[in-house]
Each structure stands twice: as C-alpha cells, then as structure tokens.
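Numbering (UniProt numbering), first residue to last: 1 to 276.
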C-alpha cells in the first residue's frame, strides 16, 4: 500500500509531463481497484465463517464454554473492522462535498462527544468561535475525522489516568512507610480541549489532551498505514484522517510532549482547511 509520502512523490513525477501523468493515473486507479477487489474477496468468506460459528453455537450451546471460543469472535470482528477501514482508507480521497454550516456542524460533534464521556471523570472543554462560515465540505467524512481524534484523546487520558492512579497508589504505600513528602503526591485530572476558529482564510480545529502522549520516535510514523501503538486497532484511523483532510486541501499535524513531570503531558492534533 502506498504511504502519503509515496503519493506525494508520485504526484511530483506526474507534474513533469502529460505522459507520466497519464501512466501514473492508470497505475493509481489500478492500485485502488486491487485493494477493493482484495477486500471484497476476503469479506465474503469471512461472512460465511461468522455465519457458521453462529450455526454451531445455536445447535451446540456447550461450545461457548470452550477455551478461546470467544477469541474466535474477537478475531473475526477485528478482521471485519480492518476490511471496513481498509475500504474507507482506499476511498478517503473521494469526497461528496455539500454546503456545511460549520457552527452547527461542530457544535453537534461537540455535544455528541460530550454525551459519550458523561460517565467518566474527563473534563471536556469545547470552544467554537462565533461566526464560522458556511463552506463546501464532506461533512460525513469530516465528522469521522474529528470523532476519531476525540476518541483517541479519550483513550489517551484514560490510559494516563490509570497510570497515574497506579503511581499514586505506590506513593501512598511510601507515605505509610514514612518515606514520602505528601506535598508531592501525584494528582491527575484528565482533560480534552476541542477548539475551532477561523484564521485568515483557513478553518483551524485543534484537539488537545493531557493523556499519555506520543513518544518522539513514534511521531514520524504515526500517519503511516498499519502503524499503531495501541493494544487494539488497525493503524488506519490516523492515516485515513490525514487523507480526508488533504482531500479537502488541508493539513493534519501533531505535536506531543511526553514524559513531563506529574502526569502533565500535552498532545495536540491540528487540522487546517482552506475556506473557499
């Protein structure tokens, strides 16, 4: 599969002459068709396997007690998710733009995400600047990008909350042994910031969190397909997000400061889209 840097190089070559542009356009079209064909060919037998498992369970309920049986379902669900995201990645540059009221659109996303974390300790700060314009955009794909970034932020702060809780437990043990300055006990308040504003002729949206951060050695590869540092996931969410934003003529960047003291980490994803 081509990476974003591969596509960039190909487009540079295409700009050199009409002949190269025609040849590489055919190559890219063939590449997309190959991915679609492979996904289709895998999805059909996978559906049959899943149906067969359900039939076995219906006629032989005792199999549910077999060790690792549930792992079969998990593996199949992962494969289904992978195929769906692979198909989405393959079509990430195909937009269906429509007139989008950014103020209404972004407030709906903010409310939707806020309701999804209502039972957590996460503080969600949303700041959408007034008088954002109406602009052409693929609102479905743009919504997918923003919810993916917000979901990643949620996962990051929950991981950090667990880590800091463990550190605090250890600190409390030290305190009971008389070896801890109680003024230095770790505290952590998970936060996610969602900010949207207009700057010159660009729409800027940032998603920030004080979660577990991204190691410097991982930043350069984080937008590459199938690269993931999470225990679950396909590694296609961020590459797809960048592809969708670039299809809108914009950019998606990340900045992270991991390993700061007292659980103070800040990771910010910033997307910039030109306003026509």
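Note that CB positions come from ideal geometry on N, CA and C, so glycine has one too.
Identity of the residue in 108, 156 and 196 nearest residue 211 by Cα: In the chain shown, counting from the first residue as 1, residue 211 sits at position 211. If we check each option's Cα against that of residue 211, 156 comes out closest.
Close-in-space but distant-in-sequence residues of the same chain around residue 69 (CB under 8 Å, 5 per side omitted): The residue you call residue 69 lines up with position 69 of the chain shown. Cβ neighbours of residue 69 beyond the five flanking positions: 63.
message: Just to confirm the assignment: which complete alpha helix (DSSP H) runs, minimum length 4, are found wholly within the region 88 to 124?
response: 102 to 116
task: Would you be able to state if there are at least three C-beta pairs under 8 Å between the region 187 to 195 and the region 144 to 164?
output: yes
message: Do residue 86 and residue 244 have their beta-carbon atoms positioned less than 8 Å apart in this structure?
response: Within the chain shown, residue 244 is the residue found at index 244, counting from 1. Within the chain shown, residue 86 is the residue found at index 86, counting from 1. Not a contact, by the Cβ cut-off of 8 Å.
- prompt: What is the rounded straight-line gap between the Cα of residue 266 and the Cα of residue 196?
  reply: In the chain shown, counting from the first residue as 1, residue 266 sits at position 266. In the chain shown, counting from the first residue as 1, residue 196 sits at position 196. Taking the CA atoms as reference points, residue 266 sits about 18 Å from residue 196.
Cβ neighbours of residue 273 in the same chain (closer than 6 Å, five flanking residues each side left out): Indexing the chain shown from 1 puts residue 273 at position 273. 203, 248 and 250, listed in sequence order.
- prompt: Measuring CA to CA, which of 255, 121, 137 and 74 is closest to residue 331?
  reply: With the chain covering only 1 through 276, there is no way to say anything about residue 331.
query: For residue 86, which three-state DSSP category applies?
result: For the purposes of this step, residue 86 is identified with residue 86 of the chain shown, where counting begins at 1. Helix, per DSSP.
message: Tell me the DSSP secondary structure of residue 207 in three-state form.
response: In the chain shown, residue 207 corresponds to position 207, counting from 1. Of the three classes helix, strand and coil, the one that applies to residue 207 here is strand, per DSSP.
message: Tell me which residue opens and which closes the alpha helix (DSSP H) that residue 244 is part of.
response: Within the chain shown, the letter at position 244 stands for residue 244. Here the alpha helix (DSSP H) through residue 244 covers 237 to 247.
field: Nearest neighbour of residue 111, chosen from 125, 73 and 72 [CA to CA]
entry: As a first step, residue 111 is located in the chain shown; it is residue number 111 there, counting from the start. Comparing Cα-Cα distances from residue 111 to each of 125, 73 and 72, the minimum goes to 125.
task: Apply the 10 Å Cβ neighbour rule to residue 48 and answer buried if 16 or more other Cβ atoms are within range, or exposed otherwise.
output: Numbered from 1 along the chain shown, position 48 holds the residue referred to as residue 48. So residue 48 counts as exposed.
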